[in-house]
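**Student:**
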Amino acid sequence: IWMAASGSQDQMDKNPGYYHSLLQAQHDPKLVEAIRTDLHRTFPDNVQFRKTAEPCLQKTLYNVLLAYGHHNKAVGYCQGMNFIAGYLIIITKDEEKSFWLMDALIGRILPDYYTPAMLGLKTDQEVLGQLVKVKVPEVWQAMTEHNVMWTLVVSRWFICLFIDILPVETVLRIWDCLFYEGSKIIFRVALTLIRHNQALILQARNLPDICDHFKQITKGAFVEDCHTFMQTIFKEPGSLPMATISKLRETCRAQIMAEES
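Residue numbers (the numbering used here): 16 to 276.
Below, the structure written as structure tokens:
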């Protein structure tokens, strides 16, 4: 389903042999080193990723990340991509399909999330802040009063796309939507988690409290019942037009670029 919805199947069919040609080409030693460093940190609790496993998915993960780094030189490899690739491998059980799905995610669905400057990622975290300001103003107020930057509490949600943050079944359903309707789903999930748990977040008295409460809101019965949770994310945040998100992205991106220059 993901292959068809994301256009990855078309890409794979149009480029037969391309994935394997990337693996056979000469490798950039810096890229190899960066990937190798993160291999053992990827799903350390999953037996399939242990060196003793038969077959060991670490080799498959290495191949997918290496091929992608050569395919998209502007991105190369950066932290977080190991979890995305690893998750795709677990679900599809297919190395080449994982590569093409990763290309859809990083190249088209979430552009600039994983570039060295991570501009897309920084932008979307600020966009979430602006959406919270409108839809859950009390939480926005609390974040401002305690001087908490959004990146501190939600960066892992965006980088890992909820892998290892929400229960596996729930993440699968979120990713279905991600490949179908694009990045808007991330805002829907984030806003629902915040809005549904605003009473808990508002109990925070300081910055460590807020960080702790943001960890708590990704656990428990609400997120474990994936059917109800998925229905809620389309109701609770209310209307979320793509035009609004695009406009906010434009403003936030310009602001970040101005600050960084």
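All residues carry an ideal CB built from backbone N, CA and C; glycine is no exception.
(1) Compare the C-alpha of L176 against each of I200, K150, P223 and V238 and name the closest.
(2) Are there 16 or more other CB atoms within 10 angstroms of the CB of G235, so buried, or fewer, so exposed?
(3) In three-state DSSP terms, what is T67?
(4) Which class does F58 belong to by DSSP, given the choice of helix, strand or coil?
(5) Out of V147, P126 and N61, which has the shortest C-alpha to C-alpha gap to V90?
(6) Look at the Cβ atom of V79, then the Cβ atom of M117, and state whether they are nearer than 8 Å.
(7) Taking only the alpha-carbon atoms, compute the straight-line gap between I124 and R65 and give it to the nearest angstrom.
(8) I'd like the span of the alpha helix (DSSP H) that includes E111, first residue to last.
(9) Excluding sequence positions up to five away, which residues of its chain have a Cβ less than 7 Å from the Cβ of A205?
(10) Within 8 Å, do at least three Cβ pairs link the region 236–251 to the region 183–197?
(11) Is it true that the CB of R203 sits closer than 8 Å to the CB of L255?
(12) Output yes or no for whether 8 Å exceeds the beta carbon distance between L217 and V154.
(13) As an exercise, report each continuous alpha helix (DSSP H) stretch of at least 4 residues that is fully enclosed by the region 190–273, in chain order.
(14) Around the Cβ of I180, are there at least 16 other Cβ atoms within 10 angstroms (buried) or fewer (exposed)?
(15) Could you spell out the range, first to last residue, of the alpha helix (DSSP H) harbouring Y129?
(16) Following the continuous alpha helix (DSSP H) through Y92, name the residue where it begins and the one where it ends.
**Tutor:** In short:
(1) Reading the sequence shown from its first residue, position 161 is the one you call residue 176. Comparing Cα-Cα distances from L176 to each of I200, K150, P223 and V238, the minimum goes to I200.
(2) For the purposes of this step, residue 235 is taken as residue 220 along the sequence shown, with counting starting at 1. The residue in question, G235, is exposed, as its Cβ has fewer than 16 Cβ neighbours within 10 Å.
(3) Taking the sequence shown and counting its residues from 1, one reaches residue 67 at position 52. T67: coil per DSSP, three-state reduction.
(4) Taking the sequence shown and counting its residues from 1, the one referred to as residue 58 is at position 43. Note: F58 maps to coil in three-state DSSP.
(5) Working through the sequence shown from its first residue, we reach residue 90 at position 75. Of V147, P126 and N61, the residue nearest in Cα terms is P126.
(6) Working through the sequence shown from its first residue, we reach residue 79 at position 64. Working through the sequence shown from its first residue, we reach residue 117 at position 102. Yes, these two residues count as a Cβ contact at 8 Å.
(7) Mapped onto the sequence shown, residue 124 falls at position 109. Mapped onto the sequence shown, residue 65 falls at position 50. Rounded to whole angstroms, I124 to R65 spans 30 Å at the Cα level.
(8) The count along the sequence shown starts at 1 and reaches residue 111 at position 96. Start and end: E110 to D118.
(9) Here residue 205 is taken as the residue at index 190 of the sequence shown, counted from 1. Here the set comprises L143, V169 and W172.
(10) yes
(11) Here residue 255 corresponds to residue number 240 of the sequence shown, with the count starting at 1. Here residue 203 corresponds to residue number 188 of the sequence shown, with the count starting at 1. Yes, the Cβ-Cβ distance between L255 and R203 is below 8 Å.
(12) Counting from one through the sequence shown, the residue named residue 217 turns up at place 202. Counting from one through the sequence shown, the residue named residue 154 turns up at place 139. Yes; because the gap between Cβ atoms is below 8 Å, this pair is in contact.
(13) 199–211, 213–216, 222–231, 236–239 and 241–248
(14) Working through the sequence shown from its first residue, we reach residue 180 at position 165. Under this definition I180 is a buried residue.
(15) Locating residue 129 in the sequence shown gives position 114, counting from the first residue. Counting along the chain, Y129 falls outside any alpha helix (DSSP H), and DSSP gives it neither H nor E.
(16) Taking the first residue of the sequence shown as position 1, residue 92 is located at position 77. Per DSSP, Y92 belongs to no alpha helix (DSSP H) and is neither H nor E.
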